[in-house]
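Just below is one structure, and these are the notes that go with it.
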Amino acid sequence: MSKTRIGVIGTGYVGLVSGACFADLGYQVTCLDIVPEKVEKINKGIPPIFENGLGELLLDVVLDRKLLKATLNRREVLDNSDVIFFALATPSGEDGSINLDIMVNEATAIGEELRTIDDYKVFVVKSTVVPGTTSGVITKALESGGKKLGKDFGIAMNPEFLMEGVAIDNFANPDRVVIGSNDDRSYEMVEELYSTFTCEKMKTSTSAAEMIKYASNSFLALKVSFINEIANMSEKLGIDVGDVARGIGLDVRISDKFLRAGIGFGGSCFPKDVKALNYLSQDLNAASKILPGVLEVNKQQPLRVIELLEKHIEIKDKRIALLGLAFKPETDDMREAPSIIISDKLIEKGANVVGYDPIAKESAKIAVPDIKHVNSVDEALKGADAAILVTEWKEFRKLNADNFRLMNGKIVIDGRRILNWQELIDKGFTVKVIGQSIP
Ligand code: UGA
């Protein structure tokens, strides 16, 4: 039997990483995008986004093994694929609800093409969508050209659980594979793609798979907001929240994952997905009481570093260095990064803000255009009245008093709890750390 051929619609983080990883497993993959420059880059083996290991992987699967190809031509993807993944964006609307226009328009265009296609294909939604979407509007759009679900094509929902920065490793070593499908044929075609995976493969309805994705991200976001609340209390009580996180994390029912206190969660997923689930709960007349709290804690948390800073200096006209701007390390992603809230507030209070990020400089210039962007830690610290550690990049873990001596002032705020603060205090600095009471 010939190997299933894969199509991927959308070459963002999820689409491109998944496509490249499937190609690495030996599948022939054809990716669709509407942006010519992206398609061109991918076909040269160059990733249009920053993701660890993706450059090497693309060179291998595109140029050496010729298993992955990108195209602007929808028909080419359909003609060369048996299973087609939708990995398109599902942005948040103003009210937190998700906007499915991009997905539905694409599914409608595919439905039109299907008129003249005779072989059976399975369409798999990988994008995060609210329960009911795959079997509802997406199916309706695919059927709009006249072909019928079950007879002419199948559908499935296969959520992704990839973390930016470690996405390739997450793809290869997942905790589980969830396949939502309302018929056996579609399930089997998708399951076969994961046949070499040893983790549990779970079959559910498409709606349950959709809910699993929202509930996973919301639960992880809840853990982060929870530990941040505990951090804020611990700080006032003279307790190190790191001890508390370790202490509760040793309980296997809780686990120590996602209990790192700091300045809150950002990125393209947690904020959007918690908002969408919250909106859905209201829409269902089953309004969540927990999710608004998760969001509220997270809205305030970035401002904690400013609160700590203001205990020591008046911000107006001061030069404040931000170390790290990306929403987390190992990515250039600035979407919903806490650095945006922090720099906006500092500017509002009259500070001159200087920012340095090892990777995200270009995306940060767009997301936080009103700060000065520099090329090194030393440049950021030089002459600064205070420094705030915003993103826990590896290179910042090694910073010591010699680096901070370049500052004009002596105040260091650690928003991610990674600095060797005792050494800094011993050398005469005033250090404040989220979730840590330092006299
Ligand atoms: C998240 C999920 O972890 C993935 O499983 C999911 O596939 C992905 O969203 C998605 O829906 O596409 P990601 O947004 O890449 O992945 O980032 P995470 O590593 O989960 O971190 C999210 C945010 O939480 C970051 O701002 C991070 O700094 C923060 N965080 C995380 C904490 O503040 N403390 C922690 O203990 C963990």
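Just so you know, we're using the numbering used here here: the sequence shown kicks off at 777 and counts up by one.
Using N, Cα and C, we set each Cβ at its ideal position, and we do this for glycine too.
All figures in this text were calculated on a predicted structure; none of them were measured in a lab.
DSSP three-state assignment for residue i, whether helix, strand or coil
i: T1107; result: coil
i: D1133; result: coil
i: S957; result: strand
i: R1022; result: helix
i: S1115; result: helix
i: N881; result: helix
i: T972; result: coil
i: K927; result: coil
i: L848; result: coil
i: T982; result: helix
i: T892; result: coil
i: F899; result: strand
i: R1193; result: coil
i: A1102; result: coil
i: S868; result: strand
i: K1208; result: strand
i: V1070; result: helix
i: F1034; result: coil
i: K1092; result: coil
i: K977; result: strand
i: R1080; result: helix
i: A1097; result: strand
i: R1173; result: helix
i: L1187; result: One point to set straight first is that residue 1187 is Ile, not Leu, in the sequence displayed. Here I1187 sits in strand by DSSP.
i: M939; result: coil
i: K988; result: It is worth fixing the name first, because residue 988 is Ile in this sequence and not Lys. Helix.
i: A932; result: strand
i: I874; result: strand
i: N1128; result: strand
i: K842; result: coil
Range covered by the beta strand (DSSP E) that runs through residue i
i: C807; result: V805 to L808
i: A1162; result: A1162 to L1165
i: F862; result: V859 to F862
i: V784; result: I782 to I785
8 angstroms contact criterion, which residue i and residue j should meet: CB distance rounded
i: L1195; j: V1188; result: 7 angstroms
i: K1092; j: K1125; result: 6 angstroms
i: G926; j: S857; result: Contact doesn't hold; Cβ gap of about 19 angstroms is too wide.
i: M879; j: S903; result: 6 angstroms
i: L876; j: T884; result: Contact flag wrong, Cβ pair sits at about 11 angstroms.
i: I785; j: V853; result: 7 angstroms
i: V1000; j: C975; result: V1000 to C975, Cβ: 24 angstroms. No contact.
i: D1190; j: L1165; result: 5 angstroms
i: G1185; j: A1160; result: 7 angstroms
i: D928; j: L890; result: 7 angstroms
i: I1096; j: V1150; result: Contact doesn't hold; Cβ gap of about 13 angstroms is too wide.
i: K817; j: G802; result: That belief does not hold up - the Cβ atoms of K817 and G802 are roughly 23 angstroms apart, past 8 angstroms.
N-terminal and C-terminal residue of the alpha helix (DSSP H) that residue i is part of
i: V906; result: That residue, V906, is in no alpha helix (DSSP H); it is neither H nor E in DSSP.
i: A1177; result: A1177 to F1180
i: I944; result: A943 to A948
i: K1220; result: Because residue 1220 is not part of the residues shown, which for the chain are 777 to 1215, the question remains open.
i: F798; result: Y789 to D800
i: N819; result: P812 to N819
i: G831; result: L830 to L834
i: E1217; result: This structure cannot settle anything about residue 1217, because the visible part of the chain is limited to 777 through 1215.
i: K916; result: T915 to E919
With three or more C-beta pairs closer than 8 angstroms as the rule, is the stretch 1134–1153 touching the stretch 1047–1065? Taking 8 angstroms as the limit for Cβ pairs, the verdict is that the stretch 1134–1153 does not touch the stretch 1047–1065.
Any contact between the stretch 1092–1112 and the stretch 1142–1152? By contact I mean 3 or more CB pairs, one from each, below 8 angstroms. Because the criterion of three Cβ pairs below 8 angstroms is met, the stretch 1092–1112 and the stretch 1142–1152 touch.
If you pair each beta-carbon of the stretch 1025–1035 with each one of the stretch 1069–1080, do three or more pairs fall below 8 angstroms? These segments do not touch.
For the stretch 934–947 and the stretch 1113–1120, state whether three or more C-beta atom pairs, one from each stretch, are separated by less than 8 angstroms. Verdict: no, contact absent.
Do the stretch 1015–1024 and the stretch 1071–1087 make contact, defined as three or more Cβ pairs closer than 8 angstroms? Contact fails: fewer than three Cβ-Cβ distances are below 8 angstroms.
Quick one: any contact between the stretch 860–874 and the stretch 816–833, if contact means 3 or more CB pairs under 8 angstroms? With a cut-off of 8 angstroms, the stretch 816–833 and the stretch 860–874 do not count as touching, because too few Cβ pairs lie within range.
Contact between the stretch 995–1013 and the stretch 1035–1046 is defined here as three or more beta-carbon pairs at a separation below 8 angstroms; is this criterion met? Judged by Cβ distances under 8 angstroms, the stretch 995–1013 makes contact with the stretch 1035–1046, as three or more pairs qualify.
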